[in-house]
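Chemist: Please find one structure pasted underneath; my questions will follow.
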Amino acid sequence: MTARFDEIIHSPHRLRICAFLSGVDSGEFAIVRDFLEVSDATLSKQLKILAAAGYLEISKPTGRGRIRTWLRLTQTGRSAYQDHAQALRHLVDADLQNL
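Just so you know, we're using our numbering here: the sequence shown kicks off at 1 and counts up by one.
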């Protein structure tokens, strides 16, 4: 499969969300929000787009104490992110060869 740009992931916030989540099994909403330095509303909007594309799972396990929202890239999301990152690497490598 050839690496390709993904319009859904390419947005700066969504790219950073995918980059963060690609390195972990799951991440808590507040930690991702703080990493991106965005508001709850901004993060929620970006998460909904990723989830609608099938790239992200959002869960709110119930139990004792405060309910937290957990985020996890799906296998489809991980593959799409890896392809997008590879396409960016190819672009950078091609540009460096033209120097």
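Every residue gets a Cβ at the ideal spot worked out from N, C-alpha and C, and that includes glycine.
Leaving out five residues before and five after T76 in sequence, what residues of the same chain have Cβ atoms less than 7 angstroms from its Cβ?
Modeler: Indexing the sequence shown from 1 puts residue 76 at position 76. Excluding residues within five positions, the ones whose Cβ falls inside 7 angstroms are G54, Y55.
Chemist: If contacts are defined as beta-carbon pairs under 8 angstroms, then L71 and L21 qualify, I think. What distance do you get, rounded to the angstrom?
Modeler: By 1-based counting over the sequence shown, the position of residue 71 is 71. By 1-based counting over the sequence shown, the position of residue 21 is 21. About 6 angstroms separates the two Cβ atoms, so the contact holds.
Chemist: Hey, is the region 15 to 32 in contact with the region 78 to 96, meaning 3+ C-beta pairs nearer than 8 angstroms?
Modeler: With a cut-off of 8 angstroms, the region 78 to 96 and the region 15 to 32 count as touching, because enough Cβ pairs lie within range.
Chemist: So, at 6 angstroms on beta carbons, what are the nonlocal neighbours of K60 in its own chain, with the 5 sequence-adjacent residues on each side left out?
Modeler: Position 60 of the sequence shown holds residue 60. Within the same chain, K60 has close Cβ partners I67, T69.
Chemist: List the residues that DSSP assigns as beta-bridge partners of I156.
Modeler: Here the chain comprises residues numbered 1 to 99, so residue 156 is not present and cannot be evaluated.
Chemist: Does DSSP put G63 in a helix, a strand or coil?
Modeler: In the sequence shown, the residue the question calls residue 63 occupies position 63. Of the three classes helix, strand and coil, the one that applies to G63 here is coil, per DSSP.
Chemist: When DSSP builds the beta bridges, which residues end up paired with G100?
Modeler: Nothing can be reported for residue 100: it is not among the residues displayed for the chain, which extend from 1 to 99.
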